[in-house]
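With my numbering applied, the sequence shown corresponds to residues 31 to 312, in that order.
Backbone N, C-alpha and C fix where the C-beta goes; we use that ideal spot for every residue, glycine too.
Below is one structure; the comments refer to it alone.
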Amino acid sequence: MLGYGIYSELKDKAQITGVDIIELKNLSLPCQRISLYEIEEIEKNIVETKPDILIHTAALINVEECERNSEEAERLNVVVTRQLADLCNKYRIKMVYISTDAVFDGKDPKLYTEEDLVNPLNVYGRTKLTGETFVLKYPQNLVFRTNIYGINIQKKQSFGEWIYYSLIEGKTLNLFTDIDFSPILVNELAELIYKACQKGLCGLYHACGTGCITKYDFGIKLREFFQIKTGVIHKETSDIAQFKAQRSKHMGMSNRKLCNALNVEISTPQESIEKFYYLICN
31 MLGYGIYSEL
41 KDKAQITGVD
51 IIELKNLSLP
61 CQRISLYEIE
71 EIEKNIVETK
81 PDILIHTAAL
91 INVEECERNS
101 EEAERLNVVV
111 TRQLADLCNK
121 YRIKMVYIST
131 DAVFDGKDPK
141 LYTEEDLVNP
151 LNVYGRTKLT
161 GETFVLKYPQ
171 NLVFRTNIYG
181 INIQKKQSFG
191 EWIYYSLIEG
201 KTLNLFTDID
211 FSPILVNELA
221 ELIYKACQKG
231 LCGLYHACGT
241 GCITKYDFGI
251 KLREFFQIKT
261 GVIHKETSDI
271 AQFKAQRSKH
281 MGMSNRKLCN
291 ALNVEISTPQ
301 ESIEKFYYLI
311 CN
């Protein structure tokens with residue numbers, strides 16, 4: 031989702047090539063079919079394409095799957111990230127690593143900053159945090175912590191798509207009032223990545239929406255803006271969910287450091303829903 035979002039937003043501003051284990055058909059995106067576990071093939075691709083910047087968007091992001099299969103989460107989220115960071119350093123390439131708000135335990139009610147202590151509660155958060163350390167080992171690199179949604183080109187749905195299509199199909203959704211986050215649309219994140227690279231930013235930044243919103247309120251605002259009359263959204267708390275992985279209830283982050291560095295304002299969750307509307311309806 032993010033990889034294609036980066037291509038669709040930035041294709042007129044930069045020369046972009048992709049690498050994916052899945053064969054992407056009927057897309058104009060130039061993409062090599064390579065597994066990230068085939069690090070020798072990845073290195074050959076890097077030598078051939080000579081990129082200035084490598085944006086690492088791949089990860090095992092299903093929190094429950096990470097808990098069930100911690101070895102696979104470690105392999106993709108940590109080992110592959112370390113290998114890519116080492117390759118980028120070897121060939122003097124800037125690496126942009128996409129991390130997560132799941133590095134925080136949610137016990138502090140404020141919006142988390144880059145200076146706040148991290149304490150991931152599950153395998154997903156721990157492996158992504160370890161990936162950060164390998165990327166930040168090299169001073170030219172950039173780490174963005176985020177929580178994204180948008181339009182998928184594969185048979186998967188982002189949080190926004192899931193709400194939209196479920197309501198259109200007349201389904202009943204149970205959305206949590208006690209979990210909040212700072213979502214950002216992938217297209218806006220792509221623009222932030224471009225601006226940050228143009229300006230030569232390095233280090234750790236929170237690239238997220240401005241402010242935070244509960245999962246329930248996000249669903250309600252999406253339904254209202256899209257004027258969807260079908261489906262039902264119920265208020266629930268996360269206590270009803272029998273998750274294997276422990277999860278943070280407060281994932282709101284502050285993006286002030288990034289806004290100041292780039293002299294930009296980032297959309298609020300409400301504003302991003304409006305942009306999502308024009309993406310999904312056009």
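Which residues DSSP lists as bridging residue i, in chain order
{"i": "Ile83", "result": "Lys124"}
{"i": "Val262", "result": "Thr202"}
{"i": "Arg63", "result": "Asp50"}
{"i": "Leu309", "result": "Leu309 pairs with nothing; no bridge assigned."}
{"i": "Ile214", "result": "Ile178"}
{"i": "Ser129", "result": "Arg175"}
{"i": "Thr244", "result": "Asp210"}
{"i": "Gly233", "result": "Leu172"}
{"i": "Met283", "result": "Tyr142"}
Among the options, nearest to residue i - alpha-carbon criterion
{"i": "Ile52", "options": "Ile183, Thr202 and Ile270", "result": "Ile183"}
{"i": "Phe174", "options": "Asn293, Leu57 and Leu288", "result": "Leu288"}
{"i": "Glu73", "options": "Asn107, Asn119 and Gly241", "result": "Asn119"}
{"i": "Arg98", "options": "Ala291, Leu222 and Phe273", "result": "Phe273"}
{"i": "Ser268", "options": "Gln113, Tyr246 and Asn171", "result": "Tyr246"}
{"i": "Ile64", "options": "Glu78, Leu57, Val49 and Leu54", "result": "Val49"}
{"i": "Val109", "options": "Gly230, His86, Asn92 and Gln187", "result": "His86"}
{"i": "Glu78", "options": "Ile91, Thr47, Ser100 and Ala89", "result": "Thr47"}
{"i": "Leu205", "options": "Leu172, Gly241, Lys251 and Tyr235", "result": "Lys251"}
{"i": "Tyr179", "options": "Lys140, Glu70 and Ile310", "result": "Ile310"}
{"i": "Leu159", "options": "Tyr194, Ala89 and Glu191", "result": "Ala89"}
{"i": "His264", "options": "Leu54, Ile193 and Gln113", "result": "Ile193"}
{"i": "Ile91", "options": "Ser38, Leu84 and Arg105", "result": "Arg105"}
{"i": "Asp210", "options": "Leu222, Ile223 and Gly249", "result": "Gly249"}
{"i": "Asp138", "options": "Glu301, Pro299, Tyr307 and His280", "result": "His280"}
{"i": "Ile69", "options": "Gln113, Ile223 and Asn171", "result": "Gln113"}
{"i": "Val294", "options": "Gly233, Ile223 and Arg253", "result": "Ile223"}
{"i": "Thr244", "options": "Glu254, Glu266, Leu59 and Lys186", "result": "Glu266"}
{"i": "Asp208", "options": "Gln228, Ile258, Leu234 and Gly136", "result": "Gly136"}
{"i": "Asn290", "options": "Tyr235, Glu101, Lys185 and Ile83", "result": "Tyr235"}
Short CB-CB distance (under 8 Å) between residue i and chain C
{"i": "Gly48", "result": "Looking for chain C here will not work: only one protein chain is present."}
Cβ-Cβ distance between residue i and residue j below 8 Å
{"i": "Ser212", "j": "Leu203", "result": "no"}
{"i": "Thr176", "j": "Ala220", "result": "no"}
{"i": "Asn107", "j": "Thr163", "result": "no"}
{"i": "Pro81", "j": "Ile123", "result": "yes"}
{"i": "Ser297", "j": "Glu218", "result": "yes"}
{"i": "Cys96", "j": "Ala226", "result": "no"}
{"i": "Asn152", "j": "Phe134", "result": "no"}
{"i": "Leu215", "j": "Lys305", "result": "yes"}
{"i": "Thr143", "j": "Tyr127", "result": "no"}
{"i": "Gly261", "j": "Gly200", "result": "yes"}
{"i": "Cys232", "j": "Leu172", "result": "yes"}
{"i": "Leu256", "j": "Tyr308", "result": "The amino acid at residue 256 is misidentified as Leu; the sequence shows Phe. Cβ distance not < 8 Å, so Phe256 and Tyr308 don't count as in contact."}
Nearest-angstrom Cβ-Cβ length linking residue i and residue j, presumed shorter than 8 Å
{"i": "Ala103", "j": "Ser278", "result": "Their Cβ separation, rounded to whole angstroms, is 17 Å, which puts Ala103 and Ser278 out of contact at 8 Å."}
{"i": "Leu40", "j": "Ile76", "result": "The Cβ separation is near 19 Å, so there is no contact."}
{"i": "Tyr154", "j": "Ala115", "result": "The Cβ separation is near 19 Å, so there is no contact."}
{"i": "Ser129", "j": "Met31", "result": "With 8 Å as the limit, Ser129 and Met31 do not qualify as a contact, their Cβ atoms being about 16 Å apart."}
{"i": "Leu141", "j": "Gly282", "result": "5 Å"}
query = In the region 147 to 177, which residue ranges form an unbroken beta strand (DSSP E) of at least 3 residues, counting only runs that do not cross its ends?
reply = The qualifying runs are 172 to 176.
Restricting to runs no shorter than 4 residues, where is the alpha helix (DSSP H) found entirely within the region 81 to 116?
For the region 81 to 116, the continuous alpha helix (DSSP H) assignments of 4+ residues that do not extend past its boundaries occur at 93 to 98 and 100 to 104, in sequence order.
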